[in-house]
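In the numbering used here, the protein residues as written are 126 to 465.
Cβ coordinates follow ideal geometry from the N, Cα and C atoms, glycine included.
Predicted model only: the values in this text are computed from it and were never measured.
Encoded as structure tokens, the structure appears first; notes follow it.
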Amino acid sequence: MKLRPFDSGGIMLSYRCQCGCRHCVYACGPRWQDWMSRDFLENLLRGIKETSGNPKGFHLAGGEAFLNFDLLLLAVEKCNELGLPLEYVETNAGWCVDYETGLAKLKALKEAGLRSILISVSPFHTETVPLERSLTAIRAAEEVLGAGNVIVYMWQFIDLIARFGRENPVPLKTWIEVFGPEAAGSLFWDGYALIPGGRAGVELGFLAPNKYPPEHFAGKNCAEEILFSRHVHFDPYGNYIPLFCGGLSLGKVENLPSFIEIFDYRKLPLIKILVEDGPYGLFLFAQREFGFNLGNKLFAGKCHLCVEVRKFLQGKADFEELTPQAFYENLRSHLPPLEE
Ligand code: SF4
Ligand code: SF4
Numbered sequence: 126m127k128l129r130p131f132d133s134g135g136i137m138l139s140y141r142c143q144c145g146c147r148h149c150v151y152a153c154g155p156r157w158q159d160w161m162s163r164d165f166l167e168n169l170l171r172g173i174k175e176t177s178g179n180p181k182g183f184h185l186a187g188g189e190a191f192l193n194f195d196l197l198l199l200a201v202e203k204c205n206e207l208g209l210p211l212e213y214v215e216t217n218a219g220w221c222v223d224y225e226t227g228l229a230k231l232k233a234l235k236e237a238g239l240r241s242i243l244i245s246v247s248p249f250h251t252e253t254v255p256l257e258r259s260l261t262a263i264r265a266a267e268e269v270l271g272a273g274n275v276i277v278y279m280w281q282f283i284d285l286i287a288r289f290g291r292e293n294p295v296p297l298k299t300w301i302e303v304f305g306p307e308a309a310g311s312l313f314w315d316g317y318a319l320i321p322g323g324r325a326g327v328e329l330g331f332l333a334p335n336k337y338p339p340e341h342f343a344g345k346n347c348a349e350e351i352l353f354s355r356h357v358h359f360d361p362y363g364n365y366i367p368l369f370c371g372g373l374s375l376g377k378v379e380n381l382p383s384f385i386e387i388f389d390y391r392k393l394p395l396i397k398i399l400v401e402d403g404p405y406g407l408f409l410f411a412q413r414e415f416g417f418n419l420g421n422k423l424f425a426g427k428c429h430l431c432v433e434v435r436k437f438l439q440g441k442a443d444f445e446e447l448t449p450q451a452f453y454e455n456l457r458s459h460l461p462p463l464e465e
């Protein structure tokens with residue numbers, strides 16, 4: 126089984142983000158410092174262009190890409206120069222302290238070649254970004270880029286968040302107190318369609334409406350996600366992250382076309398297990414080789430189980446696919462714990 130060449134994906138300029146949301150599949154947050162180097166960025170964009178022939182589209186993201194605005198501008202310019210289809214820049218809008226700031230930054234990005242933006246709005250982002258900033262960013266983006274080029278992910282949360290106020294952040298705990306854990310859990314997991322990987326399962330798994338023992342995931346392998354999805358994320362360290370599998374790397378990319386050409390999943394022992402047997406197979410491996418015990422723990426989805434087992438395995442041996450290490454150190458948000 127060969128790695129199918131990607132046709133869409135995200136370029137993570139950093140894991141750094143002032144939000145540190147509890148649902149973040151890449152475990153981003155304020156403790157991270159590094160940014161993608163300019164040289165690597167240019168090399169990567171050229172490699173993407175060369176590899177993906179007729180790409181559907183790529184987005185630029187962090188962490189929070191606006192925290193290094195010069196690098197973001199450069200990335201937009203280079204995409205434009207290379208003729209790479211840049212779908213959007215993704216932002217949490219925390220930087221948009223007033224309308225003028227929003228206009229100035231978005232005009233600069235438009236001049237660099239940006240056509241579209243995705244602004245995140247959710248109970249998770251509102252823990253650190255007041256709704257007012259999101260709405261200001263939306264207004265400014267509509268003015269500069271045109272309403273049809275502003276994606277708000279997710280519109281339907283705006284009215285709900287507004288009930289708690291627009292000027293201040295709203296702790297997630299408040300939602301749980303107001304709606305109760307069941308309704309809040311269903312709103313978060315079903316309403317937002319949370320991906321249970323990264324920090325989401327670790328921080329919010331206890332609120333998931335449906336939770337399962339590890340055996341439930343027996344036989345659910347990850348060949349589709351790892352080898353065939355054609356969607357990829359590149360992190361600032363050069364890791365090739367399949368689909369949304371934060372903390373899992375198929376390797377560090379230098380020459381992208383040859384990386385795809387010669388990639389053999391059987392050379393990475395944990396990737397091999399995940400491709401063939403999924404996270405339950407990984408759990409059995411961790412149990413057999415290292416005595417891992419999950420007790421009676423239940424999981425919100427297969428990626429939640431996967432992250433839990435990988436967190437245990439990271440550092441047990443030199444598993445090069447479990448990287449960056451800081452992903453595993455940041456699986457708990459810097460925000461106050463939700464569970465008693
Ligand atoms: S999900 Fe939250 S923590 Fe993760 S990158 Fe987006 S805004 Fe930052
Ligand atoms: S279970 Fe693991 S390898 Fe499979 S899709 Fe989820 S995060 Fe990726």
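Counting C-beta pairs closer than 8 Å gives fewer than three between the segment 288-301 and the segment 379-394, which falls short of the contact rule.
Remark: the C-beta of E454 is outside contact range of ligand 1, defined as less than 7 Å to any heavy atom.
In this structure, the C-beta of I366 stays at least 7 Å away from each heavy atom of ligand 2. Shown here, H356 sits in a strand according to DSSP, grouped into three states.
Straight-line measurement puts the Cα of I320 at about 11 Å from the Cα of L329.
One alpha carbon belongs to P339, the other to F424, and they sit about 7 Å apart. The closest CA to that of W160, considering only E268, C149, C142, is found on C142. In this structure, A152 places its C-beta atom within 8 Å of the C-beta atom of G323. With respect to the C-alpha of F384, the residue from T176, K232, I136 having the closest C-alpha is T176. Here N274 carries a helix assignment [DSSP, helix/strand/coil]. Within the DSSP secondary-structure output, L243 pairs in a beta bridge with E215, I276.
Nearest to D360 by alpha-carbon distance, out of L170, R129, R291, is L170. As the crow flies, the alpha-carbon of A186 is around 19 Å from that of S458. When S133, R129, L128 are compared, the shortest CA-CA separation from H358 is found for S133. By the Cβ-count criterion, I387 is exposed, with fewer than 16 other Cβ atoms from all chains shown falling within 10 Å of its own Cβ.
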